[in-house]
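First comes the structure, then the notes that go with it.
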Amino acid sequence: MSVVKCRGFHVTSVRQDLLDFFDDPKNWGEQEVKTDYMYVLLKEKNMLLTMEAEYKRSSETMLSPERIYKVEESMKNLEIVVRERNRAYNLLETGHDGERPTQLVENVLGLHKFYRLKEHFIPFYMNRKWLDKYKFNHWDLSHVAQFKKRFREKMVLEKNKERSLCKRYVKQILKKYPNVTDDAILSKYPDVNIKRLREEMD
């Protein structure tokens, strides 16, 4: 029985070094060096997603599934670097960062959030889709004020609860390790007044 070896069809050039990630070496002397990091990451992500779908179809466990998250994290980091570079260039050339302007607005619950401004063809009061989407903005403001009051009360209670838990943990640490330094405790619990706790325990 003869075994026939076959090789998959590849449309890209085969290289065994890091040159596969860069542009043609003849462009390296130019003012702008073109790299294809994002393209390589997209290819890797598509390959991993295809592998994941195939493993799910065959009811098998994929090897090292965390590679997908690592590729996505690398893509996000690359986008952050490009965005920072574009912002710096625009600030240097035009005095503006080039980003979409944001405005602090209130939602239907009275909570503040940042809204990215964009251009519209018609004013908001003539846009029926916008009015249907934000029709609850015209509720009675007394309900919104009541909700904001209870929401702030809830946030204060949660903060006080967290603060009391931190104090309890620090007291347990001081009882178990009386020679512990204040810097070691403050590194993990910066909001706790250690001096007052030591006085209370004494």
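For my numbering, add 63 to where a residue sits in the sequence shown, where the first one is 1.
Cβ coordinates follow ideal geometry from the N, Cα and C atoms, glycine included.
- In this structure Leu-172 is exposed. Its beta-carbon is surrounded by fewer than 16 other beta-carbon atoms within 10 angstroms.
- The stretch 202–216 makes no contact with the stretch 227–242: fewer than 3 CB pairs, one atom from each, lie closer than 8 Å.
- About 5 Å separates the Cβ atoms of Met-138 and Leu-104, confirming a contact at the 8 Å cut-off.
- Nearest neighbour of Tyr-132 by Cα position, chosen from Arg-120, Lys-258, Glu-115 and Arg-259, turns out to be Glu-115.
- Contiguous beta strand (DSSP E) elements confined to the stretch 133–211 occur at 165–169 and 175–179, taking only those with 3 or more residues.
- In this structure, the beta-carbon distance from Pro-164 to Leu-180 falls below 8 Å.
- Following the DSSP letters along the chain, one finds Ser-250 inside the alpha helix (DSSP H) bounded by residues 245–251.
- Its Cα nearest to that of Arg-213, the residue Leu-174 stands out among Leu-174, Ile-236, Glu-182 and Leu-249.
- Put simply, the backbone Cα of Gln-209 is about 11 Å away from that of Glu-216.
- By the CB criterion at 8 Å, Ile-236 and Asp-245 fall outside the cutoff.
- In the displayed model, Glu-123 falls within coil according to three-state DSSP, outside both helix and strand.
- Assignment of Tyr-232 by DSSP, reduced to helix, strand and coil, places it in the helix class.
- In its chain, beyond the 5 residues on either side, Leu-111 have a beta carbon closer than 7 Å to the beta carbon of Arg-130.
- Judged by beta-carbon spacing, Leu-194 lies beyond the 8 Å limit of Val-233, meaning their Cβ atoms are not closer than that value.
- Counting other Cβ atoms within 10 Å of its Cβ, Ile-248 reaches 16 or more and is therefore classed as buried.
- Your pair Lys-108 and Glu-135 checks out as a contact, with CB atoms roughly 7 Å apart and the cut at 8 Å.
- Straight-line measurement puts the Cα of Tyr-100 at about 27 Å from the Cα of Tyr-118.
- Taking C-beta atoms as the reference points, Arg-150 and Glu-162 count as a pair closer than 8 Å.
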